[in-house]
Amino acid sequence: MRKNAMQHLRCKTETRRLSHKRRRTRKRIRGGTIFFSRGVRRRQILAAPSLPIPSAKRRSVAGRLLTPPDERLRALDPDCLACWRAIRLPNGDFCSMKRILVALVAMIAPIAMAEAHAEPLSSALAKAYRNNPTLNAARAGARASAYDVDIARSAMHPRIAWRSGIGYDSSAATNRGTFGIVLDQTLFDGLQTTNNVEVNKARQRAAEENTRNTEQNILFEATEAYMDVVLARRIVVLRKQDLDFLKELTRSEIARQQAGERTRTNIAQAEARRAAAEAELSLAYAEAKRVQATYRQIIGDEPGKLTGGKVPVKMLPANLDKALAIAAKQHPALLAKRHLAEGAVFNVAVSEGKLLPTVKGSIGIGRGERNSALDAMAFDGSATEQKAGIELKVPIYQRGKVEAEIRRSKEDLGKSNFTVDVQHAEVQAKAASAWAQYQGALATASANRASVKAATMAKDGMMAEQAIGQRTFLDVLEAQAELIKAQVRLANAERDTVVGGYRILSAIGKLGAKDLGLVARRADTEAR
0 MRKNAMQHLR CKTETRRLSH KRRRTRKRIR GGTIFFSRGV RRRQILAAPS LPIPSAKRRS
60 VAGRLLTPPD ERLRALDPDC LACWRAIRLP NGDFCSMKRI LVALVAMIAP IAMAEAHAEP
120 LSSALAKAYR NNPTLNAARA GARASAYDVD IARSAMHPRI AWRSGIGYDS SAATNRGTFG
180 IVLDQTLFDG LQTTNNVEVN KARQRAAEEN TRNTEQNILF EATEAYMDVV LARRIVVLRK
240 QDLDFLKELT RSEIARQQAG ERTRTNIAQA EARRAAAEAE LSLAYAEAKR VQATYRQIIG
300 DEPGKLTGGK VPVKMLPANL DKALAIAAKQ HPALLAKRHL AEGAVFNVAV SEGKLLPTVK
360 GSIGIGRGER NSALDAMAFD GSATEQKAGI ELKVPIYQRG KVEAEIRRSK EDLGKSNFTV
420 DVQHAEVQAK AASAWAQYQG ALATASANRA SVKAATMAKD GMMAEQAIGQ RTFLDVLEAQ
480 AELIKAQVRL ANAERDTVVG GYRILSAIGK LGAKDLGLVA RRADTEAR
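Numbered according to numbering that gives the first Met the number 0, the sequence shown spans residues 0 to 527.
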């Protein structure tokens with residue numbers, strides 16, 4: 000009674016100091032009393048289950064024990080912070096709002112900083128876009144192909160050359176020298192240069208589309224590598240939990256066997272399962288190291304803390320028909336084949352242009368001098384030479400070479416058209432396959448979630464029934480094994496769901512860096 004009276008007096012003193020004319024409303028929540036100001040609607044703040052909290056988890060707030068911070072302060076409703084006045088702790092002490100806020104900040108800050116340093120999937124894809132050597136090599140090839148257009152166009156540009164020479168005439172015993180400038184210009188070449196420029200333009204566009212295709216393949220591989228690391232680490236955690244559970248179960252059985260409640264058989268079963276769990280954990284560690292090496296190869300950086308990925312639902316087509324239509328319209332591999340087919344048409348025209356006449360013109364101006372070999376200082380004569388002319392060349396017979404080149408270029412055109420059809424069928428098949436895999440992954444993930452929920456309930460029930468003798472120890476071990484299997488299947492299914500969404504984008508040609516918002520402009524020939 001004396002103790003309760005002292006606590007009540009302390010409560011009245013603290014409340015009077017905070018608010019003299021406010022009515023106090025008490026609400027007892029799990030061993031503590033919270034005071035609200037007048038007119039504030041009561042609300043349930045602490046909804047955590049009543050679980051025993053070890054003393055090691057307690058925290059000290061301004062010299063007073065606050066038990067437990069992770070179960071009570073973290074569950075406080077932020078909307079009620081402005082209306083709190085005081086909290087009476089289980090030991091009878093009071094904690095002011097300032098101290099509570101300090102405790103909250105101290106608890107939330109490490110979590111917020113850890114989340115800030117975690118790397119999302121978009122950041123990893125941006126690194127792969129910048130650092131992947133295969134993609135950088137493809138960009139360099141696309142930039143090099145752009146110069147082929149300039150090389151082809153230069154065939155119709157004029158050429159200016161400086162010419163000079165010196166000689167000796169033995170019959171006249173004189174030295175002769177000439178020098179001058181000559182300009183040559185092709186006036187007509189059977190439209191070979193014009194068509195050759197179009198051929199190289201088509202090849203340049205094809206190279207750009209091939210670079211886009213390589214870019215999308217690399218980004219998809221980066222997505223797989225990222226999600227593989229997330230999956231491997233998740234499986235490692237599950238295996239650790241399984242091993243910890245079996246170790247604790249083994250210790251419990253050993254203690255009961257020493258007390259005469261269990262036989263050696265239960266301990267042997269638990270140790271066998273624990274050894275198997277240790278082997279599975281070792282395999283999980285090895286798989287984590289393997290996928291981390293693949294991550295470094297593709298993305299070009301060490302995998303830090305990864306947040307995991309989400310399915311890009313907003314970018315996915317509504318149904319399979321729309322996916323096939325988008326793939327047929329804008330997939331870069333298909334567009335590259337179409338550009339090559341366009342170039343093959345102009346290549347036929349280049350070969351046919353070799354049968355047409357060519358016209359060339361030239362203009363030159365020079366000077367020739369002559370001096371006696373007996374007297375080098377005395378010039379016998381000099382002259383200024385000027386020339387201009389046009390040359391017309393008409394092919395009559397070329398030994399069948401040009402005709403064979405024409406026939407070959409036409410066959411190449413037919414081959415290019417067939418290649419377009421093959422690529423179109425391949426793109427459609429990949430899009431349909433990606434859509435089916437994604438739908439299957441969604442269904443599998445949903446089923447595995449239900450499986451994990453059921454397996455968890457089954458394991459808990461097995462343990463409760465085994466405690467009263469209705470189930471054997473082996474039943475508990477089997478239930479734990481089924482739960483771990485279900486959790487691993489769920490982790491794989493969720494990974495396949497995310498990868499399946501990005502596989503659809505890759506199959507329809509919408510997995511480029513610009514499509515994902517990683518960059519404002521692609522770093523290939525546009526930069527040139």
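Ideal placement from N, C-alpha and C gives every residue a C-beta, glycine not left out.
The beta carbon of Gln329 sits closer than 7 angstroms to those of Gly508, all from its chain and outside the five residues before and after it, given in chain order.
For Asp474, the enclosing alpha helix (DSSP H) starts and ends at 472 to 507. If you check the CB distance, Leu482 and Ala454 come in under 7 angstroms. In summary, Asn194 is buried, with 16 or more beta-carbon neighbours lying within 10 Å of its beta-carbon over all protein chains present. Counting C-beta pairs closer than 8 angstroms gives three or more between the region 189 to 203 and the region 343 to 352, which meets the contact rule. Using a C-beta cut-off of 8 angstroms, the region 123 to 136 makes contact with the region 295 to 306, since at least three inter-stretch Cβ pairs fall below that distance.
By the criterion of at least three beta-carbon pairs nearer than 8 angstroms, the region 278 to 298 is not in contact with the region 459 to 477.
For Pro356, there is no enclosing alpha helix (DSSP H), as DSSP marks it with neither H nor E.
Closest option to Lys309, judged by alpha-carbon separation, among Arg494, Ala267, Val358, Gln486: Arg494. Exclusion of the five residues before and after Ala326 leaves Val426, Gln427, Ala430, Ala506, Ile507, Gly508 as the residues of its chain whose Cβ lies within less than 7 angstroms of its Cβ. Around the beta carbon of Tyr396, a 10 Å sphere encloses fewer than 16 other beta carbons of the protein chains shown; the residue is thus reported as exposed. Here Val181 is not near Ala154, since their CB atoms are 7 angstroms or more apart. Put simply, the backbone Cα of Phe219 is about 11 angstroms away from that of Met226.
Taking a cut-off of 8 angstroms for Cβ pairs, the region 308 to 323 and the region 259 to 278 do not touch, as fewer than three such pairs fall below it. Counting along the chain, no alpha helix (DSSP H) covers Gly468, and no H or E run does either.
Taking the Cα positions, Gln215 is about 20 angstroms away from Val421.
Note on geometry: alpha-carbon atoms of Leu339 and Gln385 lie some 47 angstroms from one another.
The C-beta distance from Arg273 to Leu237 rounds to 15 angstroms, too long to fall under 8 angstroms, and the pair is not in contact. By DSSP's assignment, Glu220 forms no beta bridge with any residue. In the three-state reduction of the DSSP assignment, Glu402 falls in the helix class, which pools H, G and I. Taking each of Leu515, Phe472, Ala485 in turn and checking the Cα distance to Ala267, the smallest one comes out for Phe472. Beyond the five residues adjoining it in sequence on each side, Ile362 comes within less than 6 angstroms, by CB distance, of Leu182, Ala387 in the same chain, given in chain order.
At a Cβ-Cβ threshold of 7 angstroms, Ala440 and Gly499 count as neighbours.
Where Lys513 is concerned, there is no enclosing alpha helix (DSSP H), because DSSP gives it neither an H nor an E. A Cβ-Cβ separation of about 37 angstroms leaves His423 out of contact with Leu305 under the 8 angstroms criterion.
Below 8 angstroms, enough C-beta pairs join the region 275 to 287 and the region 240 to 257 to call them touching: three or more. The three-state secondary structure of Thr383, taken from DSSP, is strand. In the structure shown, Thr185 adopts extended strand secondary structure according to DSSP, grouped into three states.
DSSP places Ala267 in the helix class (H, G or I) of the three-state scheme. By the Cβ-count criterion, Ala205 is buried, with 16 or more other Cβ atoms from all chains shown falling within 10 Å of its own Cβ. Secondary-structure assignment with DSSP links Arg366 through a beta bridge to Phe178, Thr383.
Going by beta carbons, Pro331 and Arg138 fall outside the 7 angstroms limit. For Gly164, same chain residues with a beta-carbon under 6 angstroms away, outside a window of 5 residues either side, are Thr177 in chain order. The C-beta separation of Ala231 from Val290 comes to about 5 angstroms, placing the pair in contact by the 8 angstroms criterion.
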